[in-house]
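If you use our numbering, the sequence shown corresponds to residues 1 to 548, in order. All C-beta atoms in this analysis are idealised placements derived from N, C-alpha and C, irrespective of residue type, glycine included. Some notes on the structure that comes next.
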Amino acid sequence: MIKQESWGYVVLAFPIVLMFIFLIFPVSSVIVYGLMSGTGSSFIETISAYYTQYTLAFTIVQASISTILALLVGLPGAMLLARLRFHGKSLVRALIIVPFVLPPIVVVVGFIQMFGSFGIIDSVLMFLTQSSTSIMNLADGVVGIILAHTFYNAPLVILLVSASMERLNPELEESAEILGANSVSRFRRITLPHILPALSASAILTFLFCFMSFPIVLAFGNGVYRTMEVQIWNAFRWSDYGEASSLALIQILITVTLAVTYIRLGRVADTDSGPTATIQTASFGKYKNWEKCVIVTYLVLILVLIGGPIASIFRAAFFDPIREIYTFDGFSYLVKTGTNGGLQPLINSLFYGGLATLLSVIIGIPLAYAHKSKTRGLPALSSTMVLLPLGISSITVAYGLMTVIAVPTGLNINPWPIIVIAQTIIGLPFTARTIEIGLKSIDPNILDQADSLGASRLQRIFFVELPLLVPSILVGAVFAFAMAIGEMSATLFIALPQNYTLAVAIYDNLGVRHFVQAGASSLVLVVLCIAAFLAMEKISEGSMGGTL
(Lines of atoms letter the chains of each structure in order from A and count residues from 1; the text may use other names and numbers.)
(Lines give C-alpha, C1' and ligand atoms only; values in the text may rest on other atoms or scores of the structure.)
Protein backbone atom coordinates (compact mmCIF):
# COMPACT_ATOMS: atom_id res chain seq x y z
CA MET A 1 0.00 0.00 0.00
CA ILE A 2 1.47 3.33 -1.09
CA LYS A 3 1.40 6.05 1.56
CA GLN A 4 -0.52 9.25 0.76
CA GLU A 5 2.62 11.42 0.88
CA SER A 6 4.42 9.04 -1.50
CA TRP A 7 1.84 9.30 -4.27
CA GLY A 8 3.43 12.45 -5.65
CA TYR A 9 6.80 10.78 -6.13
CA VAL A 10 5.19 7.76 -7.77
CA VAL A 11 3.28 10.00 -10.18
CA LEU A 12 6.36 12.09 -11.02
CA ALA A 13 8.65 9.08 -11.54
CA PHE A 14 7.29 8.37 -15.03
CA PRO A 15 7.89 11.85 -16.55
CA ILE A 16 11.23 12.21 -14.74
CA VAL A 17 12.53 8.98 -16.27
CA LEU A 18 11.39 10.05 -19.74
CA MET A 19 12.82 13.56 -19.35
CA PHE A 20 16.13 12.09 -18.22
CA ILE A 21 16.33 9.66 -21.16
CA PHE A 22 15.22 12.06 -23.88
CA LEU A 23 16.35 15.48 -22.61
CA ILE A 24 18.74 15.64 -19.66
CA PHE A 25 21.03 12.75 -20.62
CA PRO A 26 21.35 13.61 -24.36
CA VAL A 27 21.98 17.31 -23.69
CA SER A 28 24.42 16.63 -20.83
CA SER A 29 26.30 14.06 -22.92
CA VAL A 30 26.73 16.45 -25.83
CA ILE A 31 27.92 19.30 -23.62
CA VAL A 32 30.34 17.13 -21.63
CA TYR A 33 31.70 15.54 -24.81
CA GLY A 34 32.18 18.92 -26.44
CA LEU A 35 33.99 20.35 -23.42
CA MET A 36 36.15 17.29 -22.68
CA SER A 37 36.97 15.87 -26.12
CA GLY A 38 39.31 18.66 -27.21
CA THR A 39 37.46 18.89 -30.51
CA GLY A 40 37.26 22.51 -31.63
CA SER A 41 37.47 25.54 -29.35
CA SER A 42 37.87 25.16 -25.59
CA PHE A 43 35.50 26.78 -23.11
CA ILE A 44 38.01 29.52 -22.22
CA GLU A 45 38.76 30.18 -25.90
CA THR A 46 35.06 30.40 -26.68
CA ILE A 47 34.06 32.79 -23.90
CA SER A 48 37.17 34.92 -24.53
CA ALA A 49 36.55 35.24 -28.26
CA TYR A 50 35.26 38.56 -29.57
CA TYR A 51 32.52 36.93 -31.66
CA THR A 52 31.13 35.15 -28.58
CA GLN A 53 31.01 38.37 -26.59
CA TYR A 54 29.47 40.18 -29.55
CA THR A 55 26.89 37.42 -30.09
CA LEU A 56 25.96 37.32 -26.40
CA ALA A 57 25.71 41.13 -26.27
CA PHE A 58 23.54 41.23 -29.40
CA THR A 59 21.33 38.44 -28.06
CA ILE A 60 20.76 40.26 -24.77
CA VAL A 61 20.25 43.70 -26.36
CA GLN A 62 17.77 42.55 -29.01
CA ALA A 63 15.88 40.47 -26.43
CA SER A 64 15.74 43.46 -24.05
CA ILE A 65 14.49 45.88 -26.72
CA SER A 66 11.97 43.31 -27.98
CA THR A 67 10.73 42.76 -24.42
CA ILE A 68 10.29 46.49 -23.77
CA LEU A 69 8.38 46.94 -27.04
CA ALA A 70 6.21 43.88 -26.35
CA LEU A 71 5.32 45.32 -22.92
CA LEU A 72 4.58 48.77 -24.39
CA VAL A 73 2.34 47.25 -27.06
CA GLY A 74 0.79 44.58 -24.85
CA LEU A 75 -0.02 46.49 -21.66
CA PRO A 76 -2.65 48.81 -23.22
CA GLY A 77 -4.18 45.78 -24.93
CA ALA A 78 -4.35 43.95 -21.61
CA MET A 79 -6.15 46.90 -20.01
CA LEU A 80 -8.63 47.05 -22.88
CA LEU A 81 -9.30 43.32 -22.82
CA ALA A 82 -9.87 43.41 -19.07
CA ARG A 83 -11.87 46.64 -18.81
CA LEU A 84 -13.72 47.03 -22.11
CA ARG A 85 -17.09 45.27 -22.28
CA PHE A 86 -18.05 44.09 -25.78
CA HIS A 87 -19.66 41.19 -27.61
CA GLY A 88 -17.34 38.45 -28.82
CA LYS A 89 -14.73 39.00 -26.12
CA SER A 90 -14.02 35.29 -25.76
CA LEU A 91 -13.49 35.03 -29.53
CA VAL A 92 -11.02 37.93 -29.43
CA ARG A 93 -9.20 36.25 -26.55
CA ALA A 94 -8.87 33.07 -28.61
CA LEU A 95 -7.59 34.90 -31.69
CA ILE A 96 -5.07 36.97 -29.71
CA ILE A 97 -3.06 33.88 -28.81
CA VAL A 98 -2.79 32.77 -32.47
CA PRO A 99 0.25 34.98 -33.31
CA PHE A 100 2.11 33.54 -30.31
CA VAL A 101 1.77 29.95 -31.55
CA LEU A 102 2.27 30.63 -35.25
CA PRO A 103 5.36 28.90 -36.63
CA PRO A 104 8.22 31.43 -36.64
CA ILE A 105 8.94 30.76 -40.30
CA VAL A 106 5.31 31.65 -41.10
CA VAL A 107 5.83 34.93 -39.27
CA VAL A 108 8.84 35.52 -41.52
CA VAL A 109 6.66 35.03 -44.61
CA GLY A 110 3.98 37.35 -43.22
CA PHE A 111 6.46 40.08 -42.34
CA ILE A 112 8.12 39.95 -45.74
CA GLN A 113 4.72 40.32 -47.40
CA MET A 114 3.60 43.12 -45.07
CA PHE A 115 6.72 45.12 -44.24
CA GLY A 116 9.34 43.96 -46.75
CA SER A 117 10.48 45.43 -50.06
CA PHE A 118 7.51 45.53 -52.46
CA GLY A 119 5.31 44.31 -49.60
CA ILE A 120 1.86 45.70 -48.90
CA ILE A 121 2.98 48.84 -47.02
CA ASP A 122 5.89 49.47 -49.38
CA SER A 123 3.59 49.10 -52.40
CA VAL A 124 1.18 51.65 -50.94
CA LEU A 125 4.03 54.10 -50.33
CA MET A 126 5.36 53.54 -53.85
CA PHE A 127 1.90 54.23 -55.27
CA LEU A 128 1.47 57.41 -53.21
CA THR A 129 4.91 58.74 -54.18
CA GLN A 130 4.79 57.42 -57.76
CA SER A 131 8.11 55.69 -57.15
CA SER A 132 9.29 52.70 -59.17
CA THR A 133 11.79 51.57 -56.54
CA SER A 134 11.30 50.18 -53.07
CA ILE A 135 10.98 52.84 -50.37
CA MET A 136 10.82 50.85 -47.14
CA ASN A 137 11.96 47.45 -45.94
CA LEU A 138 11.28 46.72 -42.27
CA ALA A 139 11.45 42.93 -42.69
CA ASP A 140 15.22 42.74 -42.61
CA GLY A 141 18.13 43.07 -40.21
CA VAL A 142 17.77 44.23 -36.61
CA VAL A 143 14.52 46.10 -37.27
CA GLY A 144 12.90 43.00 -38.76
CA ILE A 145 14.08 40.81 -35.88
CA ILE A 146 12.77 43.17 -33.18
CA LEU A 147 9.45 43.84 -34.94
CA ALA A 148 8.86 40.11 -35.43
CA HIS A 149 9.66 39.41 -31.78
CA THR A 150 7.26 42.17 -30.72
CA PHE A 151 4.57 40.66 -32.95
CA TYR A 152 5.19 37.29 -31.37
CA ASN A 153 5.21 38.26 -27.71
CA ALA A 154 2.81 41.21 -27.35
CA PRO A 155 -0.15 38.75 -27.36
CA LEU A 156 1.54 36.85 -24.53
CA VAL A 157 1.69 40.05 -22.47
CA ILE A 158 -1.94 40.86 -23.29
CA LEU A 159 -3.23 37.48 -22.14
CA LEU A 160 -1.16 37.11 -18.97
CA VAL A 161 -1.66 40.67 -17.72
CA SER A 162 -5.37 40.86 -18.64
CA ALA A 163 -6.00 37.59 -16.78
CA SER A 164 -4.37 39.08 -13.69
CA MET A 165 -6.17 42.40 -14.08
CA GLU A 166 -9.57 40.69 -14.27
CA ARG A 167 -9.00 39.36 -10.74
CA LEU A 168 -8.68 42.88 -9.31
CA ASN A 169 -11.29 43.54 -6.63
CA PRO A 170 -13.45 46.46 -7.88
CA GLU A 171 -14.09 47.61 -4.32
CA LEU A 172 -10.47 48.75 -4.06
CA GLU A 173 -10.84 51.07 -7.04
CA GLU A 174 -14.24 52.28 -5.89
CA SER A 175 -12.84 53.19 -2.48
CA ALA A 176 -9.89 55.03 -4.04
CA GLU A 177 -12.23 56.94 -6.36
CA ILE A 178 -14.44 57.98 -3.43
CA LEU A 179 -11.32 59.27 -1.66
CA GLY A 180 -10.55 61.49 -4.67
CA ALA A 181 -7.85 59.49 -6.47
CA ASN A 182 -7.72 60.15 -10.22
CA SER A 183 -7.33 57.40 -12.84
CA VAL A 184 -3.53 57.75 -12.99
CA SER A 185 -3.22 57.53 -9.21
CA ARG A 186 -5.56 54.52 -9.07
CA PHE A 187 -3.51 52.73 -11.70
CA ARG A 188 -0.20 53.50 -9.95
CA ARG A 189 -1.31 52.65 -6.41
CA ILE A 190 -3.84 49.83 -6.96
CA THR A 191 -3.77 48.28 -10.43
CA LEU A 192 0.00 48.24 -11.02
CA PRO A 193 0.95 46.53 -7.72
CA HIS A 194 -1.75 43.92 -8.38
CA ILE A 195 -0.60 43.08 -11.93
CA LEU A 196 3.13 43.43 -11.23
CA PRO A 197 3.78 39.67 -10.77
CA ALA A 198 1.99 38.89 -14.06
CA LEU A 199 3.73 41.80 -15.79
CA SER A 200 7.12 40.64 -14.54
CA ALA A 201 6.39 37.02 -15.49
CA SER A 202 5.35 38.03 -19.01
CA ALA A 203 8.52 40.15 -19.32
CA ILE A 204 10.71 37.21 -18.29
CA LEU A 205 8.95 34.81 -20.67
CA THR A 206 9.20 37.33 -23.51
CA PHE A 207 12.90 37.87 -22.86
CA LEU A 208 13.42 34.10 -22.69
CA PHE A 209 11.66 33.47 -26.01
CA CYS A 210 13.55 36.33 -27.72
CA PHE A 211 16.83 35.17 -26.20
CA MET A 212 16.24 31.65 -27.58
CA SER A 213 15.00 32.84 -30.98
CA PHE A 214 16.27 30.90 -33.98
CA PRO A 215 14.19 30.89 -37.22
CA ILE A 216 13.41 34.63 -37.17
CA VAL A 217 17.05 35.60 -36.57
CA LEU A 218 18.24 33.02 -39.10
CA ALA A 219 15.93 34.51 -41.76
CA PHE A 220 16.26 38.24 -41.01
CA GLY A 221 19.85 38.25 -39.70
CA ASN A 222 21.31 37.44 -43.13
CA GLY A 223 24.33 35.81 -41.48
CA VAL A 224 25.38 39.16 -40.01
CA TYR A 225 23.23 39.25 -36.87
CA ARG A 226 23.35 36.10 -34.78
CA THR A 227 21.82 35.12 -31.49
CA MET A 228 23.35 32.46 -29.27
CA GLU A 229 20.96 29.90 -30.75
CA VAL A 230 22.02 30.68 -34.32
CA GLN A 231 25.69 30.54 -33.35
CA ILE A 232 25.16 27.15 -31.67
CA TRP A 233 23.57 25.96 -34.92
CA ASN A 234 26.56 27.22 -36.92
CA ALA A 235 29.07 25.65 -34.53
CA PHE A 236 27.43 22.23 -34.81
CA ARG A 237 27.32 22.56 -38.61
CA TRP A 238 31.04 23.41 -38.63
CA SER A 239 31.72 20.42 -36.30
CA ASP A 240 33.20 22.75 -33.68
CA TYR A 241 31.70 20.79 -30.80
CA GLY A 242 33.78 22.60 -28.21
CA GLU A 243 32.35 25.97 -29.20
CA ALA A 244 28.81 24.60 -29.54
CA SER A 245 28.96 22.99 -26.09
CA SER A 246 30.43 26.11 -24.48
CA LEU A 247 27.77 28.35 -26.00
CA ALA A 248 25.03 25.91 -25.01
CA LEU A 249 26.32 25.84 -21.42
CA ILE A 250 26.37 29.66 -21.22
CA GLN A 251 22.87 29.79 -22.66
CA ILE A 252 21.55 27.20 -20.19
CA LEU A 253 23.01 29.08 -17.20
CA ILE A 254 21.23 32.27 -18.28
CA THR A 255 17.92 30.64 -19.15
CA VAL A 256 17.80 28.51 -15.99
CA THR A 257 18.24 31.68 -13.94
CA LEU A 258 15.33 33.24 -15.80
CA ALA A 259 13.22 30.10 -15.37
CA VAL A 260 13.81 30.02 -11.59
CA THR A 261 12.80 33.68 -11.37
CA TYR A 262 9.68 32.94 -13.39
CA ILE A 263 8.72 30.05 -11.09
CA ARG A 264 9.02 32.31 -8.04
CA LEU A 265 6.92 35.00 -9.70
CA GLY A 266 4.37 32.34 -10.60
CA ARG A 267 4.06 31.40 -6.93
CA VAL A 268 3.43 35.04 -6.02
CA ALA A 269 0.78 35.30 -8.74
CA ASP A 270 -0.91 32.11 -7.53
CA THR A 271 -0.95 33.41 -3.97
CA ASP A 272 -2.46 36.73 -5.03
CA SER A 273 -5.03 35.24 -7.38
CA GLY A 274 -8.66 35.63 -6.45
CA PRO A 275 -11.99 35.20 -8.20
CA THR A 276 -11.94 35.96 -11.90
CA ALA A 277 -13.84 38.57 -13.91
CA THR A 278 -14.54 40.92 -10.98
CA ILE A 279 -12.92 44.08 -12.34
CA GLN A 280 -15.04 47.08 -13.30
CA THR A 281 -15.87 47.03 -17.03
CA ALA A 282 -17.49 49.57 -19.32
CA SER A 283 -18.81 49.61 -22.88
CA PHE A 284 -17.06 51.70 -25.55
CA GLY A 285 -19.78 54.36 -25.41
CA LYS A 286 -19.05 55.08 -21.74
CA TYR A 287 -15.54 56.35 -22.47
CA LYS A 288 -14.68 60.02 -23.03
CA ASN A 289 -14.01 61.24 -26.58
CA TRP A 290 -10.25 61.52 -26.09
CA GLU A 291 -10.21 58.03 -24.60
CA LYS A 292 -12.10 56.72 -27.63
CA CYS A 293 -9.49 58.31 -29.93
CA VAL A 294 -6.68 56.64 -27.98
CA ILE A 295 -8.45 53.27 -28.10
CA VAL A 296 -9.09 53.50 -31.86
CA THR A 297 -5.48 54.59 -32.53
CA TYR A 298 -4.17 51.67 -30.51
CA LEU A 299 -6.46 49.19 -32.28
CA VAL A 300 -5.25 50.47 -35.67
CA LEU A 301 -1.64 49.96 -34.53
CA ILE A 302 -2.45 46.42 -33.39
CA LEU A 303 -4.28 45.73 -36.65
CA VAL A 304 -1.21 46.75 -38.66
CA LEU A 305 1.48 45.18 -36.47
CA ILE A 306 -0.25 41.93 -35.49
CA GLY A 307 -3.17 41.51 -37.86
CA GLY A 308 -1.30 42.74 -40.94
CA PRO A 309 1.34 39.99 -41.20
CA ILE A 310 -1.30 37.29 -40.65
CA ALA A 311 -3.64 38.76 -43.28
CA SER A 312 -0.75 39.25 -45.72
CA ILE A 313 -0.09 35.50 -45.68
CA PHE A 314 -3.31 35.12 -47.68
CA ARG A 315 -1.74 37.36 -50.33
CA ALA A 316 1.53 35.43 -50.15
CA ALA A 317 -0.33 32.21 -50.96
CA PHE A 318 -1.48 33.56 -54.32
CA PHE A 319 0.93 36.33 -55.39
CA ASP A 320 4.27 35.43 -56.98
CA PRO A 321 6.58 38.45 -56.54
CA ILE A 322 9.10 37.06 -59.03
CA ARG A 323 6.63 36.90 -61.93
CA GLU A 324 4.38 39.61 -60.41
CA ILE A 325 1.22 37.58 -61.05
CA TYR A 326 -1.49 35.92 -58.99
CA THR A 327 -1.40 32.14 -59.32
CA PHE A 328 -2.57 28.86 -57.78
CA ASP A 329 0.89 27.29 -58.20
CA GLY A 330 1.38 27.26 -54.44
CA PHE A 331 -1.63 25.03 -53.91
CA SER A 332 -0.61 22.80 -56.81
CA TYR A 333 2.65 22.32 -54.92
CA LEU A 334 0.72 21.25 -51.80
CA VAL A 335 -0.96 18.34 -53.58
CA LYS A 336 2.17 17.30 -55.46
CA THR A 337 3.87 14.10 -54.30
CA GLY A 338 7.58 13.35 -54.25
CA THR A 339 10.53 15.21 -52.75
CA ASN A 340 9.69 18.35 -54.75
CA GLY A 341 6.06 18.41 -53.62
CA GLY A 342 4.32 19.71 -50.53
CA LEU A 343 1.98 16.78 -49.86
CA GLN A 344 4.52 14.67 -47.97
CA PRO A 345 5.60 17.57 -45.69
CA LEU A 346 1.92 18.23 -44.95
CA ILE A 347 1.30 14.57 -44.08
CA ASN A 348 4.49 14.51 -41.98
CA SER A 349 3.42 17.64 -40.09
CA LEU A 350 0.03 16.18 -39.19
CA PHE A 351 1.43 12.74 -38.33
CA TYR A 352 4.36 13.95 -36.23
CA GLY A 353 2.22 16.64 -34.62
CA GLY A 354 -0.49 14.14 -33.69
CA LEU A 355 1.97 11.75 -32.04
CA ALA A 356 3.76 14.60 -30.24
CA THR A 357 0.41 15.85 -28.95
CA LEU A 358 -0.51 12.43 -27.58
CA LEU A 359 2.85 12.07 -25.84
CA SER A 360 2.68 15.61 -24.42
CA VAL A 361 -0.69 14.86 -22.83
CA ILE A 362 0.47 11.50 -21.44
CA ILE A 363 3.53 13.11 -19.83
CA GLY A 364 1.81 16.38 -18.96
CA ILE A 365 -0.92 14.84 -16.79
CA PRO A 366 1.43 13.34 -14.15
CA LEU A 367 3.54 16.53 -14.21
CA ALA A 368 0.42 18.57 -13.47
CA TYR A 369 -0.59 16.23 -10.64
CA ALA A 370 2.89 16.41 -9.13
CA HIS A 371 2.81 20.20 -9.21
CA LYS A 372 -0.51 20.17 -7.33
CA SER A 373 0.91 17.82 -4.69
CA LYS A 374 1.39 19.10 -1.14
CA THR A 375 4.45 16.89 -0.66
CA ARG A 376 7.45 19.03 0.25
CA GLY A 377 9.66 19.89 -2.72
CA LEU A 378 7.48 18.16 -5.30
CA PRO A 379 5.81 21.26 -6.84
CA ALA A 380 9.21 22.92 -7.34
CA LEU A 381 10.63 19.76 -8.94
CA SER A 382 7.61 19.50 -11.22
CA SER A 383 7.90 23.17 -12.23
CA THR A 384 11.56 22.61 -13.05
CA MET A 385 10.69 19.63 -15.25
CA VAL A 386 8.00 21.66 -17.03
CA LEU A 387 10.16 24.72 -17.69
CA LEU A 388 13.38 22.85 -18.49
CA PRO A 389 12.60 22.49 -22.23
CA LEU A 390 12.12 26.26 -22.49
CA GLY A 391 15.64 26.90 -21.23
CA ILE A 392 17.60 24.49 -23.41
CA SER A 393 18.62 25.15 -27.00
CA SER A 394 16.43 23.24 -29.46
CA ILE A 395 19.52 22.70 -31.59
CA THR A 396 21.39 21.19 -28.64
CA VAL A 397 18.42 18.94 -27.88
CA ALA A 398 18.29 17.82 -31.51
CA TYR A 399 22.01 17.12 -31.69
CA GLY A 400 21.90 15.25 -28.38
CA LEU A 401 18.98 13.08 -29.49
CA MET A 402 20.72 12.26 -32.78
CA THR A 403 24.08 11.48 -31.15
CA VAL A 404 22.94 9.57 -28.06
CA ILE A 405 19.78 7.85 -29.34
CA ALA A 406 19.42 7.94 -33.13
CA VAL A 407 22.91 6.89 -34.24
CA PRO A 408 23.39 4.00 -31.73
CA THR A 409 19.92 2.61 -32.51
CA GLY A 410 20.08 3.13 -36.29
CA LEU A 411 17.23 5.65 -36.27
CA ASN A 412 19.43 8.18 -38.09
CA ILE A 413 18.53 6.36 -41.33
CA ASN A 414 14.92 7.51 -40.92
CA PRO A 415 14.81 9.75 -37.83
CA TRP A 416 11.08 10.51 -37.69
CA PRO A 417 10.74 9.15 -34.10
CA ILE A 418 13.46 11.59 -33.02
CA ILE A 419 11.48 14.45 -34.59
CA VAL A 420 8.39 13.38 -32.64
CA ILE A 421 10.39 13.27 -29.39
CA ALA A 422 11.83 16.74 -30.03
CA GLN A 423 8.38 18.17 -30.79
CA THR A 424 6.98 16.53 -27.65
CA ILE A 425 9.65 18.17 -25.50
CA ILE A 426 8.92 21.59 -27.00
CA GLY A 427 5.14 21.39 -26.51
CA LEU A 428 5.24 19.80 -23.05
CA PRO A 429 5.48 23.02 -20.95
CA PHE A 430 2.28 24.42 -22.45
CA THR A 431 0.35 21.17 -22.10
CA ALA A 432 1.38 20.50 -18.50
CA ARG A 433 0.66 24.08 -17.43
CA THR A 434 -2.82 24.02 -18.99
CA ILE A 435 -3.74 20.73 -17.29
CA GLU A 436 -2.37 22.04 -13.99
CA ILE A 437 -4.71 25.05 -14.20
CA GLY A 438 -7.60 22.66 -14.82
CA LEU A 439 -6.67 20.67 -11.72
CA LYS A 440 -6.65 23.81 -9.58
CA SER A 441 -10.11 24.78 -10.83
CA ILE A 442 -11.80 21.54 -9.68
CA ASP A 443 -14.21 22.23 -6.83
CA PRO A 444 -12.71 20.72 -3.62
CA ASN A 445 -16.23 19.85 -2.44
CA ILE A 446 -16.57 17.35 -5.29
CA LEU A 447 -13.37 15.62 -4.22
CA ASP A 448 -14.47 15.61 -0.58
CA GLN A 449 -17.75 13.94 -1.57
CA ALA A 450 -15.84 11.26 -3.48
CA ASP A 451 -13.68 10.62 -0.41
CA SER A 452 -16.72 10.44 1.87
CA LEU A 453 -18.25 7.81 -0.41
CA GLY A 454 -15.17 5.64 0.09
CA ALA A 455 -13.47 6.18 -3.27
CA SER A 456 -9.82 5.17 -3.34
CA ARG A 457 -7.13 7.52 -4.66
CA LEU A 458 -7.08 5.81 -8.05
CA GLN A 459 -10.89 5.70 -8.27
CA ARG A 460 -11.06 9.41 -7.52
CA ILE A 461 -8.51 10.18 -10.25
CA PHE A 462 -10.04 8.02 -12.99
CA PHE A 463 -13.75 8.45 -12.25
CA VAL A 464 -13.92 11.99 -10.85
CA GLU A 465 -10.90 14.13 -11.65
CA LEU A 466 -9.97 13.01 -15.18
CA PRO A 467 -13.55 13.41 -16.53
CA LEU A 468 -13.58 16.94 -15.10
CA LEU A 469 -10.15 17.56 -16.65
CA VAL A 470 -11.20 16.66 -20.20
CA PRO A 471 -11.64 20.31 -21.32
CA SER A 472 -8.22 21.29 -19.93
CA ILE A 473 -6.60 18.22 -21.48
CA LEU A 474 -8.11 19.09 -24.87
CA VAL A 475 -6.90 22.69 -24.57
CA GLY A 476 -3.42 21.45 -23.66
CA ALA A 477 -3.53 19.09 -26.62
CA VAL A 478 -4.36 21.99 -28.94
CA PHE A 479 -1.38 23.93 -27.60
CA ALA A 480 0.91 20.93 -28.08
CA PHE A 481 -0.35 20.33 -31.63
CA ALA A 482 0.08 23.99 -32.60
CA MET A 483 3.63 24.03 -31.25
CA ALA A 484 4.47 20.71 -32.91
CA ILE A 485 3.28 21.51 -36.44
CA GLY A 486 5.15 24.81 -36.35
CA GLU A 487 8.41 23.56 -34.83
CA MET A 488 11.34 24.16 -37.16
CA SER A 489 14.60 24.49 -35.24
CA ALA A 490 15.09 20.89 -34.06
CA THR A 491 13.31 19.39 -37.07
CA LEU A 492 15.57 21.29 -39.50
CA PHE A 493 18.60 19.80 -37.74
CA ILE A 494 17.23 16.24 -37.59
CA ALA A 495 15.16 15.72 -40.74
CA LEU A 496 16.19 14.07 -43.96
CA PRO A 497 14.30 15.21 -47.10
CA GLN A 498 11.65 12.50 -46.65
CA ASN A 499 11.05 13.75 -43.08
CA TYR A 500 10.50 17.42 -43.94
CA THR A 501 7.55 19.08 -42.26
CA LEU A 502 5.68 22.07 -43.70
CA ALA A 503 7.71 24.46 -41.53
CA VAL A 504 11.00 23.10 -42.87
CA ALA A 505 9.61 23.04 -46.43
CA ILE A 506 8.69 26.73 -46.09
CA TYR A 507 12.26 27.58 -45.06
CA ASP A 508 13.56 25.47 -47.95
CA ASN A 509 11.28 27.22 -50.45
CA LEU A 510 12.25 30.67 -49.21
CA GLY A 511 15.90 29.75 -49.70
CA VAL A 512 15.35 28.99 -53.40
CA ARG A 513 12.94 31.96 -53.87
CA HIS A 514 9.83 29.81 -54.35
CA PHE A 515 7.78 32.43 -52.53
CA VAL A 516 4.30 31.41 -53.63
CA GLN A 517 4.91 27.80 -52.53
CA ALA A 518 6.13 29.07 -49.17
CA GLY A 519 3.08 31.33 -48.96
CA ALA A 520 0.59 28.54 -49.65
CA SER A 521 2.26 26.28 -47.08
CA SER A 522 2.21 29.14 -44.56
CA LEU A 523 -1.50 29.69 -45.18
CA VAL A 524 -2.24 26.04 -44.40
CA LEU A 525 -0.43 26.35 -41.06
CA VAL A 526 -2.22 29.62 -40.25
CA VAL A 527 -5.63 28.07 -40.98
CA LEU A 528 -4.75 25.03 -38.86
CA CYS A 529 -3.68 27.25 -35.93
CA ILE A 530 -6.75 29.50 -36.14
CA ALA A 531 -9.12 26.53 -36.40
CA ALA A 532 -7.42 24.81 -33.47
CA PHE A 533 -7.66 27.85 -31.22
CA LEU A 534 -11.24 28.62 -32.12
CA ALA A 535 -12.02 25.05 -31.08
CA MET A 536 -9.96 25.57 -27.95
CA GLU A 537 -11.94 28.67 -27.03
CA LYS A 538 -15.17 26.71 -27.35
CA ILE A 539 -13.77 24.06 -25.03
CA SER A 540 -12.24 26.42 -22.48
CA GLU A 541 -15.11 28.93 -22.50
CA GLY A 542 -12.78 31.91 -22.51
CA SER A 543 -10.49 30.93 -19.67
CA MET A 544 -7.14 30.85 -21.41
CA GLY A 545 -5.39 33.76 -19.77
CA GLY A 546 -3.46 31.73 -17.21
CA THR A 547 -2.13 29.04 -19.50
CA LEU A 548 1.45 30.10 -18.98
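Collapsing the DSSP output to three states places L128 in a helix. Taking the Cα of I47 as reference, the smallest distance to any Cα among M228, Y9 and G144 is reached at M228. I347 carries a helical assignment under DSSP once its states are collapsed to helix, strand and coil. F14 sits in a helix when the DSSP states are folded into three classes. Within the same chain, no residue comes within 6 Å of F284 by CB-CB distance, once the 5 residues on both sides are set aside.
Residue state for L447 is assigned as helix, using DSSP reduced to three classes.
Along the region 364–409, the alpha helix (DSSP H) occurs as fully enclosed runs of 4 or more residues at 378–387 and 394–401, listed in sequence order. With a cutoff of 9 Å on beta-carbon distance, A432 and L358 are scored as not near each other.
Non-local beta-carbon contacts of N348 in its own chain, meaning distances under 7 Å to residues more than five positions away in sequence, involve N499, Y500 and T501 in chain order. Per DSSP, reduced to three states, the secondary structure at I325 is strand. In this chain, the alpha helix (DSSP H) harbouring T424 covers W416 to K440.
Taking all protein chains in view, the Cβ of V397 is crowded by 16 or more other Cβ atoms within 10 Å, so the residue is classified as buried. When the Cα atoms are used, V17 and R188 turn out to be separated by approximately 47 Å. The Cβ neighbour count for F86, taken over all protein chains shown within 10 Å, is under 16; the residue is labelled exposed. Residue environment: C210 is assigned as buried (16 or more neighbouring CB atoms within 10 Å of its CB, all protein chains considered). In the displayed model, F220 falls within a helix according to three-state DSSP. The way I'd put it, the region 239–246 doesn't touch the region 182–199; fewer than three beta-carbon pairs between them come closer than 8 Å. In the three-state reduction of the DSSP assignment, D320 falls in the strand class, which pools E and B. Cβ-Cβ distances below 7 Å link A505 to G342, P345 and S521 in the same chain, with the five nearest sequence neighbours on each side left out; the list follows chain order.
Fully enclosed alpha helix (DSSP H) runs of no fewer than 4 residues occupy 141–165, 170–178, 183–186 and 192–211 of the region 131–219, in order along the chain.
Here P76 has Y298 as same chain residues with Cβ atoms under 6 Å from its own Cβ, once five neighbours each way along the sequence are excluded. In this structure, the CA atom of N222 is about 24 Å from the CA atom of F319. In the three-state scheme derived from DSSP, where H, G and I count as helix and E and B as strand, L458 is classed as helix.
For M212, same chain residues with a beta-carbon under 6 Å away, outside a window of 5 residues either side, are E229 in chain order.
Relative to the Cα of A422, the nearest Cα in the group A370, A495, V101 and A316 belongs to A495.
Contact between L91 and E436 does not hold, since the beta-carbon distance rounds to 25 Å and is not under 8 Å.
Between F207 and L258, the beta carbon gap of about 7 Å places them in contact (Cβ cut-off 8 Å). Between H371 and V386, the CB-CB gap stays under 9 Å. L84 sits in a strand when the DSSP states are folded into three classes. Taking a cut-off of 8 Å for Cβ pairs, the region 21–34 and the region 390–404 touch, as three or more such pairs fall below it. Taking a cut-off of 8 Å on C-beta distances, the region 61–76 touches the region 145–162, as three or more cross pairs fall below it.
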